[in-house]
Amino acid sequence: MAKDIGQEVSVLSSSKQGLVYLTANDWALIADKAIRVHFKKGDILVQRGMRANGVYLLVKGNAQVQIPSQPVTRMIGAGEVCGEMSFLEDAPASASVVAEDEVEAYHLDRPTLQSLFELFPHLGSRFYRSLATNLSRRLRELIGPSSETIRVPTKRSS
C-alpha cells in the first residue's frame with residue numbers, strides 16, 4: 496500500500512499540469528489527509544451548477560471537462576486537478592467533469608484543506624499559487640494562440 500501511495504505522489508508531483516509548486520513535504524501531508532476515491536467510466540466527479548466541496552487530484556485515468564459554451568471538451572488526466580474553481584469561489588461549478596474511463600483520485604474537502612493551511616501556511620501559499628498558474632494556463636488555452644505580436648507604440652522624440 497505504501498508503495499502505491501509513493502507512486503501516486505510521484506505521478507502528482509511530477510505533473511507539469513498539476514500543483515507544480517508543492518514540495519515533497521506538502522505532498523506527504525496531502526496524501527495523508529486526502530480521501531482516496533474511485534470513479535467508473537461515466538461517473539461524475541464534478542457536476543456543473545453544484546458545489547464541489549473540495550478538489551480532486553487525479554492519480555489514474557482520464558476525465559472529460561464539459562464546458563457548455565465550448566463545442567470541444569477538454570481532457571484531464573493523471574496529475575491534474577479539478578473542482579478548483581468551485582473550491583476557490585465557494586460557488587457552484589461552472590463545468591462538469593466526467594470520468595472517461597476508470598479514474599482514481601484523491602479528494603481534499605474544504606475543511607481538510609483549510610485545516611492544513613492553518614497549520615502549514617506555506618503549504619497554502621504554494622497550493623494557491625499552483626491553482627492560479629493552472630487557471631491562467633487553462634484560460635490561455637481557451638483564448639487560443641495570438642495571431643500576431645501586439646506592439647505598444649513608443650513615443651518618438653523629435
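Residue numbers (this note's numbering): 496 to 653.
Idealized CB from N, CA, C, for every residue including glycine.
* For the alpha helix (DSSP H) that contains Y516, what are its first and last residues? -> Within the sequence shown, residue 516 is the residue found at index 21, counting from 1. That residue, Y516, is in no alpha helix (DSSP H); it is neither H nor E in DSSP.
* With 16 as the cutoff for other CB atoms within 10 Å, does A519 come out buried or exposed? -> Mapped onto the sequence shown, residue 519 falls at position 24. Burial call: exposed.
* Does DSSP put P606 in a helix, in a strand, or in coil? -> Here residue 606 is taken as the residue at index 111 of the sequence shown, counted from 1. Three-state DSSP puts P606 in a helix.
* Asked: Which two residues bound the contiguous beta strand (DSSP E) that contains G556?
  -> For the purposes of this step, residue 556 is taken as residue 61 along the sequence shown, with counting starting at 1. No beta strand (DSSP E) holds G556; DSSP gives it neither H nor E.
* **L611 versus E575: straight-line alpha-carbon distance, rounded** => By one-based count along the sequence shown, residue 611 stands at place 116. By one-based count along the sequence shown, residue 575 stands at place 80. The alpha-carbon atoms of L611 and E575 are separated by roughly 20 angstroms.
* Asked: Exposed or buried, what is A627 when buried is set at 16 or more other beta-carbons lying within 10 Å of its beta-carbon?
  -> Stepping through the sequence shown from its first residue, residue 627 is reached at position 132. Flag for A627 reads exposed.
* To do: Would you mind reading off the limits of the alpha helix (DSSP H) that contains A627?
  => If you number the sequence shown from 1, residue 627 lands on position 132. Its alpha helix (DSSP H) spans residues 616–638.
* **Pairwise C-alpha distance: R605 and M496** => Position 1 of the sequence shown, counting from 1, holds the residue named residue 496. Position 110 of the sequence shown, counting from 1, holds the residue named residue 605. Note that M496 scores a pLDDT of 47, beneath 50, so its modelled location is shaky; the value from the coordinates is reported in the next line. Each residue's Cα considered, the two are about 26 angstroms apart.
* **Residue-level contact to chain C via CB, F582, 8 angstroms cutoff** => Looking at the structure shown, chain C is missing, and only one protein chain is on hand.
* Inter-stretch contact at 8 angstroms, needing at least 3 Cβ pairs: the segment 525–539 / the segment 588–598 -> The segment 525–539 is in contact with the segment 588–598.
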